[in-house]
Structures are given as structure tokens and as C-alpha cells.
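S.K.:
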Amino acid sequence: MFEAVGEFFRTDQSPVNTLYKAITKILVKRLQRVLPLMIDHSQNAFVPGRSISDNILLAQELLAGYNQARLPARCMLKVDIQKAYDSVEWDFLLETLRLFNFPQQFIILIKQCVSTASFSISLNGSIYGFFKSSRGLRQGDPISPYLFVLVMEVWSTLIRHRVQQATQFQYHWKCKELGLINLCFADDVLLFCKAHIPSIKVLTDTLSEFASLSGLKVNPVKSQIIISRAVQQERQHILEYVGFQEGSLPVKYLGIPLTSSRLTFVDCRPLIDKVDARLAGAGNAKVAWDQLCKPKAEGGLGVRRLVTANQALILKQLWRILQNDGTSIWVDWIHQNRLRHTTIWTFNRDTGSWSWKKMLKLRPLLQRGVVYKVGDGSSFNLWQDIWHDRGPLCLNYPRGPAITGLPLSSTLSSVLQQNSWNWPATTDADIAEIISQLPPTYPAAPDTICWRNFWIARHGFILWLAMLEKLSTMDKPWIQGDTNGCVLCGGQFIESHNHLFFNCWYSKRCLAILKNEIKFQWPYEEWQRGITWASKRWRGNHLVNAALRATLAALVYRLWAERNNRIFAATSSPAEITSKNVLEDVRMRIMVADISLSLQARNLYRIWKLAWPLEQ
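The sequence shown begins at 1 in UniProt numbering and counts up one residue at a time.
(1) Could you check whether V231 and A195 sit closer than 8 Å to each other, using their CB atoms as the reference points?
(2) In three-state DSSP terms, what is Q245?
(3) Do you know offhand how far A84's Cα is from R305's?
(4) Just the Cα atoms here: how many angstroms apart are R74 and A277?
(5) At the level of alpha carbons, what is the spacing between L292 and D428?
(6) Between the Cα of D141 and those of M588, A166, L583, C113, spot the shortest distance and give me the residue it belongs to.
(7) Quick one: using the 10 Å Cβ neighbour count with 16 as the cut-off for buried, is F210 buried or exposed?
(8) Determine the DSSP secondary structure at I81, reduced to helix, strand or coil.
(9) With which residues is D188 paired in a DSSP beta bridge?
(10) Count the other CB atoms within 10 Å of the CB of Q105; is the residue buried (16 or more) or exposed (fewer)?
(11) Can you list, in chain order, the residues of its chain with a C-beta nearer than 6 Å to that of L599? Leave out the 5 residues immediately preceding and following it.
(12) What is the residue span of the beta strand (DSSP E) that K373 lies within?
(13) State the beta-bridge partners of N381 as determined by DSSP.
(14) Entirely within the region 29-91 and at least 4 residues each: give me those alpha helix (DSSP H) ranges in chain order.
(15) Starting from the C-beta of E7, find all residues in its chain whose C-beta is less than 6 Å away, skip the five residues before and the five after it, and write them out in chain order.
(16) Roughly how many angstroms separate the alpha carbons of L552 and C450, rounded to a whole number?
(17) Please state whether DSSP places C175 in a helix, a strand or coil.
(18) Please state if the CB of M76 and the CB of I256 are separated by a distance shorter than 8 Å.
(19) CB Y241 to CB L190, shorter than 8 Å?
(20) Cα separation between L301 and K294?
(21) Can you list, in chain order, the residues of its chain with a C-beta nearer than 6 Å to that of V303? Leave out the 5 residues immediately preceding and following it.
(22) With C-beta atoms as the reference, is W345 less than 8 Å away from R363?
(23) Is it the case that the Cβ atoms of Y397 and D385 are separated by a distance below 8 Å?
(24) Tell me, to the nearest whole angstrom, how far the beta carbon of F169 is from that of S208; I am working on the premise that it is less than 8 Å.
(25) Between which two residues does the alpha helix (DSSP H) harbouring residue 618 extend?
(26) With a threshold of 8 Å, are at least 3 pairs of Cβ atoms found where one atom belongs to the region 486-498 and the other to the region 537-557?
(27) Do V218 and V79 count as a contact pair if the criterion is CB distance below 8 Å?
(28) Grouping DSSP H, G and I as helix and E and B as strand, with all else coil, what is P398?
(29) Just verifying my parser: in three-state terms, what is the DSSP assignment at W155?
(30) Only counting the same chain, and skipping five residues up and downstream in sequence, which positions put a Cβ closer than 6 Å to that of residue 619?
(31) Excluding the five sequence neighbours on either side, which residues of its own chain have a C-beta within less than 8 Å of the C-beta of K201, listed in chain order?
(32) What residues match up with S420 in a beta bridge as DSSP calls it?
(33) Rounded to whole angstroms, what's the CA-CA distance from residue 617 to M152? Just pull it up for me.
(34) With a Cβ-Cβ cutoff of 8 Å, do S260 and N67 count as a contact?
(35) Distance, Cα to Cα, G400 vs W423?
(36) Terminal residues of the continuous alpha helix (DSSP H) containing T532?
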């Protein structure tokens, strides 16, 4: 009997019924909206818009060089929390919700969710007992991970506060500027500091303090400390003080082996053995791998090649570095420590982790996929970004900064004045060559980095819904509102797909403007008849037809967006502004598309009143 009870509490799942899950999922949806505003970027689990890869990539960067004695002394604590979900004290959880200023009604609902759990045990196929829990979060409950993230945020805040108070604490190498002390993904915790006892004491004392408050205790048997090779004399003192096992690299974190250098065959052997074991009984291949990787339409299975998939994932990470929108702690660290005085295009130092060096090898592929749209010039580096067709100017014209008197750190705004280019006067042939191929500018807009793609995905999606007449127009019987009239024309006519596209006077005005600007034709008043006509007339890969299809998608998207703004945001724009946005959308796609400089392309540029690249 006692063994059965023990086995029950060693399992990780507590059943949650369907009705309860439906209620908690509603609470989760509300909680997801505010979590990104509350949770520090050192936590990435279950926070919308954040990625597990940030923790892995940043931990890999911080461990780089741990095997080198010449680098600063540092250490990493890999903390294991005993029965993390089962140990959370309810009083602490509710106080945490009050601390974050959640509404009282929401706190009451959460209290009901966590405190009403009851358990039975199964013994020899029969259910026995019925008792209530006194702490912990339910396993399998949709809201439990989000509540645990809030609890861990209190710990993150506490440790930052204790570090600020401690005069002897010293940050891990390359972490002070960002104030980086910890990385958390749910209960997977990493701590970083200089490898000396006063700094480690601050961290361990905070762990003990947090355990007394929350119930989350550290398991010293499963926890590890990784100490860099630079630490020799103090190593044994540190191990005795902290009470953790000394770990060695590679160490597994979130399922990925982390190392101070490149992964070897031996490091990857466990994964290879698992794959071999799964395929051992499969026998010889019946179909060639190349055939399986073909699209389904061509007789294959559409299986992605691992090399191609890996390249796509790496390009996504490089794209995030280019965007640098402040939502990723790894991207922030890269810009602070790797790209402080340079850009990703001109970085050439042989430093950083093995994964970082591998990423940089895909820069040529990335360069083929992005285009810099020059706005006010305040965000782009004059010499080191690829806003010019020649790429980074400092690589192709190394004498440029000296000749122009513009330092390597200059932004593009230094050669823009009153909405036009204004380069320093010089007779140098290199600078003259740069000036002869300057791209167009959009001074009223901020600098933008775009991905080369003729279609804008959201435009195509809205057009697809409109073609199927699946947009939630007011003529649908399930749409309830004060009126079913079209908001674009003052409610004079019932809003339907046929009316919006393009019988409404507002959409007709947009069509007239586009006809005047680019000769855009739409000869039918019936929406479906027009779609049939356009499908036949604008088919094929001809560049002009592709631009016309993109124009229709942009127009439908902009009209639907204007309709929604008037209903839900109480804002409106004249047809001239909507039409201008359509034109700018498509012009931008033409400029960033990977188009060969052919006669067909020249005709497209002429229709859209764009400067031909060789004549700019």
C-alpha cells in the first residue's frame, strides 16, 4: 500500500477534466496578453513571442572559452528544483498575483483552480481514497505553466535586487552590461557569475531565501556547477562551499548539449545511437531519399531535407539579429558584445561559440534574401550595412571614410539632407561610383529591412478569404450589430463581398486612383465574375501580371483593414490614403523582389514609375 502511494506521487500527471480545462483555457488566453509585459527577458517559457532557442544560443555563447585558462574566471550553476510544480505554496502564488496587480476577481478564480484539486490512488485496478492537496500546481492543467512562470519571475526579481545590494558580487564575463544573471525556461535554471565565493554566495543565499518563501527547494544532488579552466586554486573551495556536483562540458540543457568548443562525434553519439536504434529494423530503403523529398504533386512525400531545414532555421536567427526589436535577450547580447562597433555583414573576428561561427557562414545566403529600404537614414550604418548594391561600402571602398571625412560609425543620415542625397564633394573615382548607383529614398518613413518576396502573406490570406466570401461581412446571418450597412459609404447599402469589392463608392474611388496611376483595370461590378476574369487575364509568371495580382491582394487587404478600423478603432482614412498605401505596398515588393534586369522588368518599373536600377 505504501509503495503504491509512493508510486502515485512519483508520477507527473494529475487528471484534469474537460470542463475544467475549458475554464482555465479562457483564463490562459487573458493571461497570455499581459505576460510579455510582466516577465523579464531572461525567462522564455510560455511567454508569447519568445523562443526556447534564445536560452540555448545565449548559454552556448556564455560557455564559449570555458576550456581556455587565459580567459576570465567564471562559472555557471545548473540548478535542479525538487518537484517544482508540486512544491509551490499557494499563499505565495496568490501573493505573487497581488504583487503583479491582477484584479481580485481573477485571483479568486485562480485560487479556486489550484486549491480544489483532490486525489485518489489506483491499487490493483481499483480506486481508493479521496484527499485534497495543500500546495502545488496541477500537472496537465493548461494554466499551471503560466502561474509557474509568474512565480519564477518573483525569484528573478529577487535575485536582481540582491545582486544590486551586494557590493562584492561580480558578474559573469560579458554579462554586466545587460545585467544578466540567470536564464530560466520553466524550472530549467542557469545562473552565471564570476567564479569566486562572494558572488556565488549571493546566488545561493537567494536560492535559500526564495525556497523559504515559495516552497521551491534546490536539489543539490542533481544540481551542477561548471567552472572555467581559468579557476585552479579556488576550485576546491568553491565546490565545498556550494555543495553542488562539479559538472563537465558538454552539459545537456533543454535537450541540447552545450560545450565550450565545437561538438565532436563523441558528443553526438547518444543521439546517433537513438536514430540508429529506431531505424535498425527498417531494412533497406524501398524508395530513394531524393524521391521522398520531392513535393507531393511530383510524386514525393514532401519530406524536408535536413540541410535545407537547418539553413532556414539559421537564417531565421540571423533575421532576428537584423530586426533587433528588443524582444530577444540573445539578440540583445549579440549586439552588445559581438556587434557593438560593427554589423553582422562586416563582423570578421574569430571569436564566439561554434554555433555563432556556423551562423556567420550563411551571411551570403542571407544577403540574397534581404533588401534595405532607405528611410530617414538614422538606423543604417553608412559604411557597414548593405543598403547599397555594392554591399558593405567599407569592404569594397576601404578608403571611403578617410576621403569623405565620415567615420566608420556614421549613419546613413549623414549623407541625407532635405529628403535627398548630399554626399561630400570629392573627385575620387570610388566615391563617384558609389554616388552613381544610389538607391531611392523614402525620407518620410523609418529605415526598413525587408525580405525578398513578391507576395505579402497577410495580403494573400485576406484575398483568399475574400475569394471564398468567408470574410465576416455584415450580411452574414450570424453577425450581430446595430446595423448591417457598409461603414465605408455611410451605411447606405448592406455590406457584402459584392458591395465591398467594388460597388461601394469608397472602393470605386480607390479603383479610379489606381487606374489613373498604374492603369489598373477591373471591368466587372460582380465580385466573383471579376475574380474569374482576373484569374484568366493575370495568370502566369509574367512580371506585370504578378504585380497586378499583388495589387489586387493589397487593395482587398487595405479596404478590409479600413473597414475594421472604422468599426473597431473609430478611425478613418480617405480613399486617397488607402490607394497610396496600396501603391507603396506593391512598389516596395517590386523593389525588394529578386528580379533579373530584363526588358520585362524594365517595363514593370516604367508602369510603376520606379527608377531603373542602372539609371539611379
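Where is the CB? At the ideal position from N, CA and C, for every residue including glycine.
Bear in mind the structure is a predicted one, so any value in this text is a computation, not a measurement.
M.R.: A quick look at the data gives this:
(1) yes
(2) strand
(3) 38 Å
(4) 39 Å
(5) 56 Å
(6) C113
(7) buried
(8) strand
(9) F185
(10) exposed
(11) none
(12) 370-373
(13) T411
(14) 52-63, 84-87
(15) A caution first: E7 carries a pLDDT of 42, below 50, which makes its placement in the model unreliable, though a value can still be read off. So no residue of the chain qualifies.
(16) 21 Å
(17) coil
(18) no
(19) no
(20) 6 Å
(21) L292, C293
(22) yes
(23) no
(24) With a Cβ gap of about 16 Å, F169 and S208 do not count as contacting.
(25) Any question about residue 618 goes unanswered here, given that the chain covers just 1 to 616.
(26) no
(27) yes
(28) coil
(29) helix
(30) Because residue 619 is not part of the residues shown, which for the chain are 1 to 616, the question remains open.
(31) Y241
(32) Q417
(33) With the chain running from 1 to 616 in the structure shown, residue 617 is simply not present.
(34) yes
(35) 11 Å
(36) 527-537
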